[in-house]
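K.L.:
For the record, in the sequence shown the residue sitting at position 105 is 107 according to the numbering used here, with numbers rising by one throughout.
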Amino acid sequence: MTSFRPLGTGAGLALAVVLAAGPLRASPPEIRFDDVTKRAGVRFKFATDLQHGRLVATMGGAAPMGDYDGDGFLDLFLTGSVAKWTNPDAGPCGALFHNRGDGTFEDVTARSGIRSCGWAMGASWVDLDSEGRLDLVVTGLGRTAIWKNCGDGTFRDVTEARGIDATKFAVGLAAGDVNGDGRVDLYIVNYLDSDVEREMSYHTFQLRMPDDYAGQDAMLYVQREDGTFEERAAAAAALNHDGKGLGGVFFDYNGDGKTDLYITNDRTPNVLYRGRGDGTFEDVTVETGAGARDQKSPRAGMGIAVGDIDGDGFPDLLVTNFGGEPSTVYRNVEGALFDDWTDASNVTPGKLPWVEFGTDFVDLDNDGALDLVATSGHLVPRIFLFIGRLARGGGRGLYDLGNQSYRQPMKVWRNRGDGRFDDVTEGAGDYGRTKIAGRGLAAGDLDGDGLVDVAVAAVSGGNRLFRNRTEGAGHFLEILPVAGSDRRTVLGTKVIVTSGGRRQVQEFLLRPSYASGSWVPLHFGLGPKALVDRVEVIRPGATEPSSVFENVFADRLYLLREGELVLQREARKETTR
């Protein structure tokens with residue numbers, strides 16, 4: 003395989019960069035998707051017991067992407083649920099789909115050994131041992147499970163052996179190195195104080211709302227040298243106490259090389275913890291403005307998108323919220339403050355009526371600016387709302403907000419190049435025409451053509467796979483950091499790509515979305531440039547580049563391993579631009 007060796011260490015290069023000069027194209031191509039679910043072979047029927055499950059039955063549905071067998075193509079896992087409350091092990095159980103390399107998939111659940119049944123909520127692909135193989139972590143009601151990748155296409159349950167004893171109601175998961183020892187730590191974002199017995203005690207069709215429950219403290223599992231985990235959320239000052247958390251992400255918001263943590267909470271303020279680098283954190287929500295600033299009451303935070311939308315070198319945030327509440331856009335100002343950029347971004351002019359869940363910032367047309375995708379869907383069908391209102395009395399609270407259709411539209415916004423967006427859903431093909439009760443979302447190039455595709459999990463309307471068919475899109479570069487012989491995690495690696503006068507900064511992290519932790523290559527759109535001028539790499543925990551590469555060929559996926567760029571595959575010839 004072709005490899006690029008670094009030219010040397012870039013001295014004195016600051017992480018912060020100048021603002022981008024705007025879109026690379028005067029007349030951008032039309033972003034368009036085709037629904038390829040059936041012909042891709044993704045056949046999975048999701049079912050959940052809404053009649054008896056109440057709020058618990060409304061929250062699941064994950065679709066994380068990750069290349070678990072290292073063949074260069076992203077695979078897919080879909081979480082199951084409980085179709086009948088009295089028989090939780092009957093499924094539908096989670097399903098693993100192996101990518102054949104051409105965008106079609108094979109259901110390999112049976113031979114993989116993964117049996118993920120019961121009230122699963124979320125799933126994440128994580129290389130827990132930094133050995134180049136992705137493990138699977140499944141969160142849920144009553145149990146969070148770790149499935150160890152054995153390297154031969156099979157997995158085994160090592161939850162208890164690794165010291166994980168998480169029996170609360172968990173949806174989101176964050177993964178990163180909190181103390182700089184090179185090992186992957188896990189943050190389990192627990193939600194509401196409930197369990198199976200409590201849910202079963204409520205009357206049939208009785209609506210339950212987040213306000214009816216107390217929140218549950220989160221759990222921080224720090225990995226020891228022997229691979230077992232120790233719970234240290236309280237000692238780390240990162241409990242998210244009574245936060246009703248749904249999502250979380252480890253990332254470096256201020257460029258100091260230390261792992262920070264952001265958490266979305268349902269009807270309680272979102273939280274930003276600044277990492278000290280020693281495994282402890284400081285709550286900086288108020289001083290940075292990353293929480294419920296200037297809001298009379300906190301919104302119902304659900305999904306998270308992370309990315310530099312305005313080209314200044316610092317990661318911005320978007321949080322999806324409940325119906326009638328606009329998604330909140332937080333613009334990172336020089337790593338010090340998060341400005342409420344919602345109105346200026348034009349993502350949600352006025353009040354968006356939809357109940358939004360999964361989301362991600364990703365360059366859909368390869369012009370060098372991060373676009374935005376999201377999925378929507380109400381918690382329960384209209385008839386449940388009607389019956390629930392009669393049974394509950396006194397109104398339905400937040401259930402009365404926004405559009406109450408159960409199946410709701412997918413959404414896509416194009417970035418103008420400066421952090422402001424245009425809603426281009428209407429012209430986005432099947433993506434813009436689809437209405438589902440969506441939950442989890444993942445974005446990545448599934449068929450190797452250099453365009454980012456989208457997978458969506460839904461509790462109603464069917465799980466979907468959308469292939470990106472944007473004609474006239476630009477060139478691209480993909481880089482996947484892979485652990486080396488030192489067995490240190492690659493989470494937190496930063497890559498700076500300079501091409502055609504535009505510089506892009508991305509951090510390799512577990513993509514949070516909603517309930518769907520994806521481990522996907524960093525994707526850089528390059529516009530008309532087929533040769534990358536410069537690639538700089540900043541190792542986890544560092545602030546200066548350790549490797550610099552020049553004149554890197556575009557339209558390829560490279561592995562970043564042991565300080566070298568190693569070619570894994572070129573884009574499919576029929577689609578290479």
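Think of the CB as a built atom: it goes at the ideal place given N, C-alpha and C, for glycine as much as any other residue.
Going by Cα to Cα distance, which pick from Ala42, Asp37, Leu479 is closest to Leu561?
P.N.:
Leu479
K.L.:
Can you look up Leu138 in the DSSP assignment and give me helix, strand or coil?
P.N.:
strand
K.L.:
Which residue wins for smallest C-alpha separation from Asp37, given the options Gly120, Gly431, Asn553?
P.N.:
Across the set Gly120, Gly431, Asn553, the C-alpha of Gly431 shows the shortest separation from the C-alpha of Asp37.
K.L.:
Given Thr436, which residues of its chain have a CB within under 6 Å of its CB, disregarding the five upstream and five downstream residues?
P.N.:
Closer than 6 Å at the Cβ level, and outside the excluded window around Thr436, lie Met412.
K.L.:
Reducing DSSP to helix, strand and coil, say where Ala216 ends up.
P.N.:
In the displayed model, Ala216 falls within coil according to three-state DSSP, outside both helix and strand.
K.L.:
If we ignore side chains and look at the alpha-carbon of each, how far apart do Tyr189 and Val44 end up?
P.N.:
30 Å
K.L.:
Which same chain residues, not among the five before or five after Trp521, have their C-beta less than 6 Å away from its C-beta?
P.N.:
Gly68, Trp127, Leu136
K.L.:
Do Asn242 and Ala220 count as a contact pair if the criterion is CB distance below 8 Å?
P.N.:
yes
K.L.:
Compute the distance between the beta-carbons of Ile438 and Val458, then report whether it is under 8 Å.
P.N.:
Cβ atoms of Ile438 and Val458: closer than 8 Å.
K.L.:
Of all the CB atoms in chain B, is at least one closer than 8 Å to the CB of Phe48?
P.N.:
Protein chains in the displayed structure number just one, and chain B is not present.
K.L.:
Ignore the nearest five residues each way along the sequence and tell me which others in Tyr204's own chain have a CB closer than 7 Å to its CB.
P.N.:
Arg56, Arg210
K.L.:
Could you give the residue range of the alpha helix (DSSP H) that holds Arg200?
P.N.:
198–202
K.L.:
Go ahead and label Gly565 buried or exposed: buried means 16 or more other beta carbons lie within 10 angstroms of its beta carbon, across all protein chains shown.
P.N.:
With fewer than 16 other Cβ atoms within 10 Å, it is exposed.
K.L.:
How is the beta strand (DSSP E) around Glu232 delimited, first residue to last?
P.N.:
From DSSP, the beta strand (DSSP E) with Glu232 extends over 231–233.
K.L.:
Could you tell me the boundaries of the beta strand (DSSP E) in which Glu284 lies?
P.N.:
283–285
K.L.:
Give the DSSP-derived three-state secondary structure of Met61 in the structure shown.
P.N.:
helix
K.L.:
How would you label Lys246, buried or exposed, when you count the other beta carbons within 10 angstroms and need 16 or more for buried?
P.N.:
buried
K.L.:
Spatial neighbours of Asn599 within its chain, please: CB distance less than 6 Å, with the 5 preceding and 5 following residues excluded, ordered by chain position.
P.N.:
An answer regarding residue 599 cannot be provided, because it is not within the stretch 3 to 579 covered by the chain.
K.L.:
Pick from Gly178, Arg113, Asp195: whose alpha carbon is nearest that of Pro542?
P.N.:
Gly178
K.L.:
Does the segment 138–157 touch the segment 106–123, meaning 3 or more C-beta pairs lie closer than 8 Å?
P.N.:
Yes, they touch.
K.L.:
Distance check for Ala176 and Pro317, CA to CA, integer angstroms please.
P.N.:
16 Å
K.L.:
Tell me the DSSP bridge mates of Gln508?
P.N.:
Val497
K.L.:
Would you tell me roughly how many angstroms separate the C-alpha atoms of Arg579 and Gly434, rounded to the nearest one?
P.N.:
Any reading at Arg579 must be qualified, since the residue scores a pLDDT of 40, below 50, and its modelled position is unreliable; the value itself is stated next. Cα to Cα, Arg579 sits roughly 25 Å from Gly434.
K.L.:
Quick one: what's Leu372 bridged to in DSSP?
P.N.:
Paired residue(s): none; Leu372 is not in a bridge.
K.L.:
With a CB to CB cut of under 7 Å and the five nearest residues on each side skipped, what residues in its chain are close to Leu194?
P.N.:
For Leu194, where only same-chain residues beyond five positions count, the Cβ hits under 7 Å are Phe171, Pro212, Tyr215, Gly217, Gln218, Lys246.
K.L.:
Could you give the first and the last residue of the continuous alpha helix (DSSP H) run that contains Arg113?
P.N.:
111–114
K.L.:
Pick out the complete beta strand (DSSP E) segments inside the segment 66–105, 3 residues or longer, and give them in chain order.
P.N.:
Taking only runs of at least 3 residues, the beta strand (DSSP E) segments lying wholly in the segment 66–105 are 77–80, 97–101.
K.L.:
Go through the segment 306–353 residue by residue and report every complete run of the alpha helix (DSSP H) that reaches 4 residues or more, in order.
P.N.:
344–347
K.L.:
In or out: Arg185 buried (at least 16 other Cβ within 10 Å) or exposed?
P.N.:
buried
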